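Remarks on the structure that follows.
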Amino acid sequence: MAALGLGFLTSSLRRHGWSSVAFNLFILALGVQWAILLDGFLSQFPPGKLVIKLSSIRLATMSAMSVLISAGAVLGKVNLVQLVVMVLVELTAFVTMRMVSRNVFSTEDHTNMMCIHVFAAYFGLTVAWCLPKPLPEGMEEKERTATSPSLSAMLGTLFLWMFWPSFNSALLRNSIERRDAVFNTYYALAVSVVTSISVSSLAHPRGKINMTYMHNAMLAGGVAVGASCHLISSPWLAMVLGLVAGLISIGGAKCLPVCFNRVLGIHDSCGVHYTFGLPGLLGEITYIALMMHQAVWANAILYQVLLNAGQFSLAVAMGLASGLLTGLLLSLKIWKGPHAAKYFDDQAFWEFPHLAVGF
15 MAALGLGFLT
25 SSLRRHGWSS
35 VAFNLFILAL
45 GVQWAILLDG
55 FLSQFPPGKL
65 VIKLSSIRLA
75 TMSAMSVLIS
85 AGAVLGKVNL
95 VQLVVMVLVE
105 LTAFVTMRMV
115 SRNVFSTEDH
125 TNMMCIHVFA
135 AYFGLTVAWC
145 LPKPLPEGME
155 EKERTATSPS
165 LSAMLGTLFL
175 WMFWPSFNSA
185 LLRNSIERRD
195 AVFNTYYALA
205 VSVVTSISVS
215 SLAHPRGKIN
225 MTYMHNAMLA
235 GGVAVGASCH
245 LISSPWLAMV
255 LGLVAGLISI
265 GGAKCLPVCF
275 NRVLGIHDSC
285 GVHYTFGLPG
295 LLGEITYIAL
305 MMHQAVWANA
315 ILYQVLLNAG
325 QFSLAVAMGL
335 ASGLLTGLLL
345 SLKIWKGPHA
355 AKYFDDQAFW
365 EFPHLAVGF
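All residue numbers for the sequence shown refer to this note's numbering, where the first residue is 15 and numbers rise by one.
Dropping the structure here:
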(Lines of atoms letter the chains of each structure in order from A and count residues from 1; the text may use other names and numbers.)
(Lines give C-alpha, C1' and ligand atoms only; values in the text may rest on other atoms or scores of the structure.)
Protein backbone atom coordinates (compact mmCIF):
# COMPACT_ATOMS: atom_id res chain seq x y z
CA MET A 1 0.00 0.00 0.00
CA ALA A 2 2.69 2.51 1.00
CA ALA A 3 5.17 1.75 -1.78
CA LEU A 4 2.79 1.40 -4.72
CA GLY A 5 -0.02 3.67 -3.55
CA LEU A 6 1.83 6.74 -2.30
CA GLY A 7 4.66 6.15 -4.76
CA PHE A 8 2.46 6.44 -7.84
CA LEU A 9 0.09 8.99 -6.29
CA THR A 10 2.86 11.60 -6.48
CA SER A 11 3.98 10.71 -10.01
CA SER A 12 1.62 13.01 -11.92
CA LEU A 13 4.28 15.63 -12.78
CA ARG A 14 5.16 15.10 -16.43
CA ARG A 15 8.95 15.54 -16.01
CA HIS A 16 9.38 14.11 -12.52
CA GLY A 17 7.83 10.64 -12.71
CA TRP A 18 10.99 8.58 -12.24
CA SER A 19 12.12 10.55 -9.21
CA SER A 20 8.68 10.52 -7.59
CA VAL A 21 8.38 6.73 -7.62
CA ALA A 22 12.01 5.89 -6.83
CA PHE A 23 12.46 8.51 -4.13
CA ASN A 24 9.28 7.38 -2.38
CA LEU A 25 10.54 3.80 -2.31
CA PHE A 26 13.86 5.03 -0.92
CA ILE A 27 12.05 7.03 1.78
CA LEU A 28 9.91 4.04 2.74
CA ALA A 29 12.84 1.61 2.93
CA LEU A 30 14.96 3.95 5.04
CA GLY A 31 12.04 5.14 7.14
CA VAL A 32 10.89 1.65 8.16
CA GLN A 33 14.37 0.77 9.43
CA TRP A 34 14.71 4.02 11.38
CA ALA A 35 11.18 3.76 12.81
CA ILE A 36 11.81 0.21 14.06
CA LEU A 37 14.85 1.45 15.97
CA LEU A 38 13.01 4.47 17.36
CA ASP A 39 10.00 2.41 18.48
CA GLY A 40 12.32 -0.06 20.17
CA PHE A 41 14.43 2.52 21.98
CA LEU A 42 11.45 4.60 23.14
CA SER A 43 9.26 1.66 24.22
CA GLN A 44 9.21 0.10 27.65
CA PHE A 45 11.52 -2.79 26.87
CA PRO A 46 14.31 -3.93 29.23
CA PRO A 47 17.36 -1.64 28.99
CA GLY A 48 19.76 -2.64 26.26
CA LYS A 49 17.30 -4.99 24.55
CA LEU A 50 15.48 -4.23 21.29
CA VAL A 51 12.57 -6.59 20.58
CA ILE A 52 11.44 -6.73 16.93
CA LYS A 53 8.21 -8.53 16.04
CA LEU A 54 5.92 -8.62 13.04
CA SER A 55 3.81 -5.94 14.68
CA SER A 56 6.95 -3.79 14.91
CA ILE A 57 7.31 -3.81 11.12
CA ARG A 58 3.63 -2.96 10.69
CA LEU A 59 3.85 -0.04 13.10
CA ALA A 60 7.10 1.17 11.55
CA THR A 61 5.64 1.05 8.04
CA MET A 62 2.65 3.12 9.13
CA SER A 63 4.96 5.62 10.83
CA ALA A 64 7.13 5.85 7.71
CA MET A 65 4.06 6.88 5.73
CA SER A 66 4.26 10.22 7.51
CA VAL A 67 7.42 11.03 5.55
CA LEU A 68 5.85 9.81 2.31
CA ILE A 69 2.96 12.23 2.84
CA SER A 70 5.24 15.14 3.76
CA ALA A 71 7.53 14.47 0.81
CA GLY A 72 4.61 15.16 -1.51
CA ALA A 73 4.92 18.85 -0.62
CA VAL A 74 8.62 19.07 -1.51
CA LEU A 75 9.14 16.48 -4.26
CA GLY A 76 11.08 17.93 -7.16
CA LYS A 77 12.76 20.53 -4.95
CA VAL A 78 15.11 18.36 -2.86
CA ASN A 79 17.77 15.73 -3.53
CA LEU A 80 18.33 12.35 -1.91
CA VAL A 81 20.66 13.67 0.79
CA GLN A 82 18.07 16.21 1.86
CA LEU A 83 15.43 13.47 1.91
CA VAL A 84 17.63 11.40 4.24
CA VAL A 85 17.79 14.32 6.68
CA MET A 86 14.04 14.76 6.38
CA VAL A 87 13.38 11.07 7.11
CA LEU A 88 15.57 11.05 10.21
CA VAL A 89 14.19 14.26 11.73
CA GLU A 90 10.51 13.76 10.88
CA LEU A 91 10.29 10.17 12.04
CA THR A 92 12.06 11.04 15.27
CA ALA A 93 9.53 13.81 15.89
CA PHE A 94 6.54 11.67 14.90
CA VAL A 95 7.48 8.65 17.02
CA THR A 96 8.24 10.96 19.95
CA MET A 97 4.85 12.62 19.52
CA ARG A 98 3.15 9.21 19.59
CA MET A 99 4.98 8.18 22.75
CA VAL A 100 4.23 11.48 24.53
CA SER A 101 0.55 11.26 23.58
CA ARG A 102 0.32 7.71 24.88
CA ASN A 103 2.07 8.45 28.19
CA VAL A 104 0.67 11.93 28.91
CA PHE A 105 -2.81 11.85 27.37
CA SER A 106 -3.36 8.06 27.73
CA THR A 107 -4.46 7.71 24.10
CA GLU A 108 -4.40 4.44 22.20
CA ASP A 109 -2.01 3.58 19.38
CA HIS A 110 -4.80 3.88 16.81
CA THR A 111 -5.70 7.42 17.88
CA ASN A 112 -2.07 8.51 17.93
CA MET A 113 -1.40 7.04 14.50
CA MET A 114 -4.42 8.73 12.93
CA CYS A 115 -2.79 12.10 13.68
CA ILE A 116 -0.35 11.17 10.92
CA HIS A 117 -2.32 13.09 8.28
CA VAL A 118 -2.33 16.43 10.08
CA PHE A 119 1.22 16.03 11.41
CA ALA A 120 2.69 15.04 8.05
CA ALA A 121 0.77 17.56 5.96
CA TYR A 122 1.77 20.58 8.03
CA PHE A 123 5.30 19.28 8.49
CA GLY A 124 5.65 19.11 4.71
CA LEU A 125 4.08 22.53 4.15
CA THR A 126 6.43 24.12 6.69
CA VAL A 127 9.44 22.53 4.99
CA ALA A 128 8.18 23.76 1.61
CA TRP A 129 7.86 27.28 3.04
CA CYS A 130 11.55 27.25 4.08
CA LEU A 131 12.90 26.00 0.74
CA PRO A 132 13.82 28.36 -2.12
CA LYS A 133 10.75 29.17 -4.16
CA PRO A 134 10.41 27.81 -7.72
CA LEU A 135 11.29 30.23 -10.50
CA PRO A 136 8.16 31.38 -12.36
CA GLU A 137 9.77 30.98 -15.79
CA GLY A 138 9.12 27.50 -17.14
CA MET A 139 7.64 26.10 -13.94
CA GLU A 140 4.10 25.89 -15.32
CA GLU A 141 5.27 23.59 -18.10
CA LYS A 142 7.19 21.33 -15.69
CA GLU A 143 4.32 21.14 -13.20
CA ARG A 144 1.74 20.39 -15.87
CA THR A 145 0.35 16.86 -15.78
CA ALA A 146 0.30 14.60 -18.82
CA THR A 147 -1.96 11.69 -19.72
CA SER A 148 0.43 8.85 -18.86
CA PRO A 149 1.70 10.30 -15.53
CA SER A 150 -1.88 11.16 -14.51
CA LEU A 151 -2.89 7.58 -15.24
CA SER A 152 -0.03 6.34 -13.05
CA ALA A 153 -1.15 8.69 -10.28
CA MET A 154 -4.69 7.35 -10.62
CA LEU A 155 -3.30 3.82 -10.27
CA GLY A 156 -1.72 4.84 -6.98
CA THR A 157 -4.96 6.51 -5.89
CA LEU A 158 -7.00 3.39 -6.68
CA PHE A 159 -4.54 1.19 -4.80
CA LEU A 160 -4.75 3.42 -1.74
CA TRP A 161 -8.53 3.56 -2.08
CA MET A 162 -8.79 -0.24 -1.99
CA PHE A 163 -6.50 -0.71 1.01
CA TRP A 164 -7.41 2.34 3.10
CA PRO A 165 -9.94 0.40 5.21
CA SER A 166 -7.16 -1.98 6.28
CA PHE A 167 -4.94 0.99 7.17
CA ASN A 168 -7.61 2.56 9.38
CA SER A 169 -8.32 -0.73 11.17
CA ALA A 170 -4.77 -2.08 11.46
CA LEU A 171 -4.07 -0.98 15.06
CA LEU A 172 -7.51 -1.71 16.54
CA ARG A 173 -7.52 -4.72 18.85
CA ASN A 174 -11.23 -5.36 19.29
CA SER A 175 -12.77 -7.39 16.45
CA ILE A 176 -16.03 -5.41 16.52
CA GLU A 177 -14.13 -2.12 16.32
CA ARG A 178 -12.10 -3.44 13.38
CA ARG A 179 -15.30 -4.45 11.59
CA ASP A 180 -16.89 -1.05 12.17
CA ALA A 181 -13.70 0.69 11.04
CA VAL A 182 -13.64 -1.21 7.75
CA PHE A 183 -17.33 -0.57 7.05
CA ASN A 184 -17.25 3.13 7.94
CA THR A 185 -14.06 3.75 5.98
CA TYR A 186 -15.56 2.13 2.91
CA TYR A 187 -18.74 4.20 3.20
CA ALA A 188 -16.74 7.42 3.47
CA LEU A 189 -14.45 6.50 0.57
CA ALA A 190 -17.37 5.57 -1.66
CA VAL A 191 -19.08 8.90 -1.07
CA SER A 192 -15.79 10.73 -1.65
CA VAL A 193 -15.49 9.19 -5.11
CA VAL A 194 -19.02 10.22 -6.06
CA THR A 195 -18.41 13.70 -4.65
CA SER A 196 -15.08 14.16 -6.43
CA ILE A 197 -16.49 13.27 -9.85
CA SER A 198 -19.75 15.19 -9.41
CA VAL A 199 -18.30 18.38 -7.95
CA SER A 200 -15.39 18.39 -10.39
CA SER A 201 -17.83 18.24 -13.27
CA LEU A 202 -20.09 20.91 -11.77
CA ALA A 203 -17.13 23.24 -11.17
CA HIS A 204 -16.09 23.18 -14.84
CA PRO A 205 -17.89 25.54 -17.25
CA ARG A 206 -18.29 22.71 -19.78
CA GLY A 207 -19.00 19.98 -17.26
CA LYS A 208 -15.64 18.24 -17.68
CA ILE A 209 -13.91 16.23 -14.95
CA ASN A 210 -10.55 17.35 -13.55
CA MET A 211 -8.19 14.44 -12.89
CA THR A 212 -6.18 16.42 -10.32
CA TYR A 213 -9.30 17.02 -8.24
CA MET A 214 -10.00 13.29 -8.31
CA HIS A 215 -6.49 12.53 -7.05
CA ASN A 216 -7.06 14.94 -4.17
CA ALA A 217 -10.63 14.12 -3.18
CA MET A 218 -11.04 10.36 -3.69
CA LEU A 219 -9.08 9.58 -0.52
CA ALA A 220 -10.38 12.49 1.54
CA GLY A 221 -13.19 10.47 3.10
CA GLY A 222 -10.84 7.75 4.30
CA VAL A 223 -8.55 10.35 5.84
CA ALA A 224 -11.40 12.21 7.56
CA VAL A 225 -12.98 9.10 9.06
CA GLY A 226 -9.70 7.57 10.25
CA ALA A 227 -9.61 8.75 13.86
CA SER A 228 -13.29 8.04 14.56
CA CYS A 229 -13.92 5.06 12.26
CA HIS A 230 -14.40 2.67 15.20
CA LEU A 231 -16.67 5.07 17.11
CA ILE A 232 -19.24 5.74 14.39
CA SER A 233 -22.33 3.60 14.91
CA SER A 234 -24.40 4.70 11.89
CA PRO A 235 -23.35 4.54 8.23
CA TRP A 236 -24.93 7.91 7.45
CA LEU A 237 -22.41 9.74 9.65
CA ALA A 238 -19.48 8.15 7.81
CA MET A 239 -21.11 9.04 4.50
CA VAL A 240 -21.63 12.66 5.58
CA LEU A 241 -17.97 12.80 6.58
CA GLY A 242 -16.99 11.50 3.15
CA LEU A 243 -19.17 14.11 1.47
CA VAL A 244 -17.83 17.04 3.51
CA ALA A 245 -14.23 15.84 3.14
CA GLY A 246 -14.60 15.61 -0.63
CA LEU A 247 -16.08 19.10 -0.80
CA ILE A 248 -13.33 20.54 1.40
CA SER A 249 -10.63 18.83 -0.64
CA ILE A 250 -11.88 20.08 -4.01
CA GLY A 251 -12.70 23.53 -2.64
CA GLY A 252 -9.23 23.83 -1.17
CA ALA A 253 -7.54 22.64 -4.35
CA LYS A 254 -9.50 25.18 -6.38
CA CYS A 255 -9.27 28.24 -4.13
CA LEU A 256 -6.24 27.97 -1.83
CA PRO A 257 -3.25 27.65 -4.24
CA VAL A 258 -3.35 31.38 -5.01
CA CYS A 259 -3.23 32.20 -1.30
CA PHE A 260 -0.52 29.64 -0.58
CA ASN A 261 1.74 30.47 -3.52
CA ARG A 262 1.49 34.26 -3.64
CA VAL A 263 0.62 35.33 -0.10
CA LEU A 264 2.26 32.72 2.15
CA GLY A 265 4.99 31.65 -0.26
CA ILE A 266 4.23 27.93 0.20
CA HIS A 267 4.52 25.73 -2.87
CA ASP A 268 2.76 22.38 -2.37
CA SER A 269 4.10 20.09 -5.12
CA CYS A 270 1.46 17.35 -4.95
CA GLY A 271 -1.40 18.95 -3.01
CA VAL A 272 -0.89 17.13 0.30
CA HIS A 273 -2.79 19.91 2.08
CA TYR A 274 -5.96 19.10 0.17
CA THR A 275 -5.61 15.32 0.25
CA PHE A 276 -4.43 14.88 3.84
CA GLY A 277 -4.24 18.19 5.73
CA LEU A 278 -7.77 19.59 5.44
CA PRO A 279 -9.56 16.18 5.66
CA GLY A 280 -7.28 15.32 8.59
CA LEU A 281 -8.38 18.46 10.43
CA LEU A 282 -12.02 17.56 9.77
CA GLY A 283 -11.38 14.05 11.09
CA GLU A 284 -9.76 15.24 14.31
CA ILE A 285 -12.58 17.70 14.99
CA THR A 286 -15.11 14.92 14.38
CA TYR A 287 -13.24 12.61 16.75
CA ILE A 288 -13.26 15.24 19.51
CA ALA A 289 -16.99 15.81 18.99
CA LEU A 290 -17.76 12.08 19.21
CA MET A 291 -15.66 11.69 22.35
CA MET A 292 -17.47 14.67 23.88
CA HIS A 293 -20.79 13.00 23.08
CA GLN A 294 -19.66 9.84 24.86
CA ALA A 295 -18.29 11.82 27.81
CA VAL A 296 -21.65 13.54 28.37
CA TRP A 297 -23.07 10.25 29.60
CA ALA A 298 -20.06 9.72 31.86
CA ASN A 299 -20.16 13.29 33.31
CA ALA A 300 -16.56 13.86 32.26
CA ILE A 301 -16.99 16.10 29.24
CA LEU A 302 -14.50 18.83 30.21
CA TYR A 303 -11.78 16.33 31.05
CA GLN A 304 -12.30 14.48 27.77
CA VAL A 305 -12.24 17.70 25.75
CA LEU A 306 -8.97 18.77 27.35
CA LEU A 307 -7.38 15.38 26.67
CA ASN A 308 -8.40 15.24 23.02
CA ALA A 309 -7.65 18.88 22.33
CA GLY A 310 -4.27 18.53 23.98
CA GLN A 311 -3.36 15.48 21.93
CA PHE A 312 -4.47 17.16 18.70
CA SER A 313 -2.63 20.39 19.53
CA LEU A 314 0.52 18.42 20.30
CA ALA A 315 0.41 16.75 16.88
CA VAL A 316 -0.03 20.06 15.04
CA ALA A 317 2.57 21.89 17.15
CA MET A 318 5.21 19.18 16.76
CA GLY A 319 4.50 18.94 13.04
CA LEU A 320 5.00 22.68 12.57
CA ALA A 321 8.02 22.95 14.88
CA SER A 322 9.88 19.92 13.51
CA GLY A 323 8.96 20.98 9.97
CA LEU A 324 10.46 24.43 10.57
CA LEU A 325 13.63 22.87 11.97
CA THR A 326 13.89 20.47 9.04
CA GLY A 327 13.22 23.22 6.51
CA LEU A 328 15.97 25.39 7.96
CA LEU A 329 18.37 22.43 7.87
CA LEU A 330 17.51 21.59 4.27
CA SER A 331 18.05 25.21 3.25
CA LEU A 332 21.76 24.97 4.12
CA LYS A 333 24.04 24.95 1.09
CA ILE A 334 26.07 21.97 2.34
CA TRP A 335 23.41 19.59 0.97
CA LYS A 336 23.87 20.95 -2.57
CA GLY A 337 20.16 20.96 -3.29
CA PRO A 338 18.91 21.41 -6.84
CA HIS A 339 18.79 24.92 -8.23
CA ALA A 340 15.32 26.43 -8.58
CA ALA A 341 15.72 26.28 -12.37
CA LYS A 342 16.11 22.48 -12.10
CA TYR A 343 13.01 21.87 -9.99
CA PHE A 344 10.57 19.13 -11.08
CA ASP A 345 13.03 17.72 -13.63
CA ASP A 346 14.27 14.12 -13.66
CA GLN A 347 17.38 15.17 -15.56
CA ALA A 348 18.74 16.71 -12.35
CA PHE A 349 18.89 13.26 -10.73
CA TRP A 350 18.84 10.58 -13.44
CA GLU A 351 21.00 9.45 -16.33
CA PHE A 352 19.26 9.60 -19.71
CA PRO A 353 21.36 7.62 -22.25
CA HIS A 354 19.28 8.76 -25.22
CA LEU A 355 20.17 12.38 -24.40
CA ALA A 356 23.92 11.72 -24.43
CA VAL A 357 26.02 13.40 -27.10
CA GLY A 358 26.46 11.21 -30.16
CA PHE A 359 23.68 8.80 -29.31
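Every residue gets a Cβ at the ideal spot worked out from N, C-alpha and C, and that includes glycine.
Being a predicted model, the structure only gives us computed values, none of them experimental.
- Shortest Cα-Cα distance from H131 to any of V237, N275, F22 and M168 involves V237.
- Within the model, the alpha-carbon separation for D194 versus S180 is close to 11 Å.
- When secondary structure is reduced to three states using DSSP, L233 falls in the coil class, being assigned neither helix nor strand.
- In the three-state DSSP reduction, L172 falls in the helix class (H, G or I).
- Ranked by how close their Cα comes to the Cα of H244, the residues G21, N188, L139 and L165 have N188 in first place.
- Around the CB of R276, fewer than 16 other CB atoms lie within 10 Å, so the residue is classed as exposed.
- With a cutoff of 8 Å on beta-carbon distance, F358 and G90 are scored as near each other.
- Look at L328 here: in three-state DSSP terms it is helix.
- Here DSSP, grouped into helix, strand and coil, assigns L186 to coil.
- In this model, M253 and V109 are separated by some 31 Å (Cα to Cα).
- Within the model, the alpha-carbon separation for L174 versus W143 is close to 27 Å.
- Within 10 angstroms of the beta-carbon of C284 lie 16 or more other beta-carbons, which makes it buried.
- If you ignore the 5 residues before and after S70, its C-beta comes within less than 8 Å of the C-beta of I50, D53 and G54, all in its own chain and listed in chain order.
- For L64, no alpha helix (DSSP H) encloses it, and the DSSP letter there is neither H nor E.
- Rounded to the nearest angstrom, the gap between the Cα atoms of V101 and G138 is 11 Å.
- Between T121 and S115, the gap from beta carbon to beta carbon is short of 8 Å.
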